[in-house]
Amino acid sequence: MKEEKDYIRDLAEIRSMMERTSKFLSLSGWAGIMAGCYALIGAYIAHQFHDFNPGQLDYDATVSGKGYASISGVLVLAVSILILAIGTAIFLSYKKANKRGEKAWNATSKRLLASMSVPLVSGGVLILVLIANGLIGLIAPLTLLFYGLALYNASRFTYAEVRTLGLIEIGLGLISAYFIGYGLLFWALGFGLLHIIYGIYLHYKYER
Amino acid sequence: MKIQIDGLHKAFESRIRLGIMSALAVNDMLDFNSLKEFLDLTDGNLASHIKALEKEAFIGIKKSFIGKKPNTQYFMTEEGKNAFDDHLKALEKLINTHK
Numbered sequence: 001m002k003e004e005k006d007y008i009r010d011l012a013e014i015r016s017m018m019e020r021t022s023k024f025l026s027l028s029g030w031a032g033i034m035a036g037c038y039a040l041i042g043a044y045i046a047h048q049f050h051d052f053n054p055g056q057l058d059y060d061a062t063v064s065g066k067g068y069a070s071i072s073g074v075l076v077l078a079v080s081i082l083i084l085a086i087g088t089a090i091f092l093s094y095k096k097a098n099k100r101g102e103k104a105w106n107a108t109s110k111r112l113l114a115s116m117s118v119p120l121v122s123g124g125v126l127i128l129v130l131i132a133n134g135l136i137g138l139i140a141p142l143t144l145l146f147y148g149l150a151l152y153n154a155s156r157f158t159y160a161e162v163r164t165l166g167l168i169e170i171g172l173g174l175i176s177a178y179f180i181g182y183g184l185l186f187w188a189l190g191f192g193l194l195h196i197i198y199g200i201y202l203h204y205k206y207e208r
Numbered sequence: 001m002k003i004q005i006d007g008l009h010k011a012f013e014s015r016i017r018l019g020i021m022s023a024l025a026v027n028d029m030l031d032f033n034s035l036k037e038f039l040d041l042t043d044g045n046l047a048s049h050i051k052a053l054e055k056e057a058f059i060g061i062k063k064s065f066i067g068k069k070p071n072t073q074y075f076m077t078e079e080g081k082n083a084f085d086d087h088l089k090a091l092e093k094l095i096n097t098h099k
């Protein structure tokens, strides 16, 4: 006959198994902090050295010769930041999963990525189409919006806080679509500051 | 069904079987390797527990191919879901009455 403490352990084990098999919990708070820092540095470089200021461009503005050169520079910068941030996140998740005795590439991380990829890829393609047509002003709002949608969608498979982060990014994206001149500022806020705050919060809540 | 007086199902006496059921309760389907990783078991060990649950008709199997590799997915049957829910309720009740 089992004793009461066995029943309590049974229940605890059921709970932990349900959580471990449905949520990817090896996301690292540090990844958020680092991604935020990269984004802030990137936004600074874009503003300072590429003279990038989408505020000068209206919704229907087409890119002139000089603008096009600066846009390609900013694009290279943006893609480098993206690769750096994703690389850091993968590396840190891998380390954290190892520490927890799990594999980083498992059923939950696959589902997390799959649920993020649909909004991200559709947003990415849309943005490329807009760039090809010279509609630069909408890039910052749309990256925020689609990134927020991706996070919101993926939050079922990871920490509940990701849902809130997603909603805030969506909100920021929509607001910045109205205040089109402040695109870079909103972008720095959403991808830089928010990631840092969120990373610190995750770190203190789950990693200490 | 082999249900004991306290309402606990015999099939769930093993914590490993309970683990398999918990994992399948929150996932539509899981393949053999994912289950193996989550539960940290050997192939033979997991297979024998799966067989036992299959015999009770608590879990179902769906076989398919990914390319040329066979892929076996497991899912919880309606019967398994009911039995698992009842087991959870029985556990809770037992803990509450002991208090």
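Protein chains in written order, with the UniProt record's numbering: chain A, 1 to 208; chain B, 1 to 99.
A virtual CB, placed ideally from N, CA and C, is assigned to each residue, including glycine.
Around the beta-carbon of residue 70 (chain B), fewer than 16 other beta-carbon atoms lie within 10 Å, marking it exposed. For residue 68 (chain B), the number of other beta carbons within 10 angstroms of its own is below 16, and it is reported as exposed. Measuring C-alpha to C-alpha distances from residue 205 (chain A) to each of A:135, A:27, A:37 identifies A:27 as the nearest.
In this structure, the CA atom of residue 42 (chain A) is about 7 Å from the CA atom of residue 81 (chain A). By the rule that beta-carbons nearer than 7 Å mark a contact, residue 95 (chain B) touches chain A.
In terms of CA proximity to residue 193 (chain A), A:172 leads the group A:172, A:122, A:127.
Counting only residues of its own chain and dropping the five nearest sequence neighbours on each side, residue 120 (chain A) has a CB closer than 6 Å to the CB of 150. Sorting B:93, B:50, B:38, B:85 by C-alpha distance to the C-alpha of residue 72 (chain B) places B:50 at the top. Neighbourhood of residue 106 (chain A) in chain B, by CB distance below 7 Å: 34, 37, in chain order. For residue 6 (chain A), no CB of chain B lies under 7 Å from its own CB, so it is not counted at the interface with that chain.
The C-beta of residue 128 (chain A) has fewer than 16 other C-beta atoms within 10 Å across all chains shown, which makes the residue exposed.
DSSP places residue 76 (chain B) in the uninterrupted beta strand (DSSP E) bounded by 69-76. Residue 116 (chain A) is outside the set of residues whose beta carbon lies under 7 Å from a beta carbon in chain B. Residue burial annotation: residue 17 (chain A) is buried, with at least 16 other C-beta atoms found within 10 angstroms of its C-beta. Straight-line measurement puts the Cα of residue 13 (chain A) at about 22 Å from the Cα of residue 54 (chain B).
Taking the Cα positions, residue 164 (chain A) is about 22 Å away from residue 124 (chain A). In summary, residue 166 (chain A) is buried, with 16 or more beta-carbon neighbours lying within 10 Å of its beta-carbon over all protein chains present.
If you check the CB distance, residue 113 (chain A) and residue 158 (chain A) do not come in under 7 Å. If you draw a straight line from the Cα of residue 126 (chain A) to the Cα of residue 72 (chain A), it is about 17 Å long. Linking residue 136 (chain A) to residue 94 (chain A) through their CA atoms gives a straight-line distance of about 36 Å. Distances from the CA of residue 34 (chain B) to each of A:177, A:140, A:21, A:198 were compared; the closest alpha carbon is that of A:21. Annotated three-state conformation of residue 65 (chain B) is strand, per DSSP.
Nearest CB-CB separation between residue 82 (chain B) and chain A: not below the 7 Å threshold. Taking a contact as a CB-CB distance under 8 Å, the pair residue 32 (chain A) and residue 198 (chain A) counts as one, their CB atoms being some 5 Å apart. Considering only beta carbons, the part of the segment 13-25 of chain A lying closer than 7 Å to chain B consists of 13, 14, 17, 18, 20, 21, 22, in chain order.
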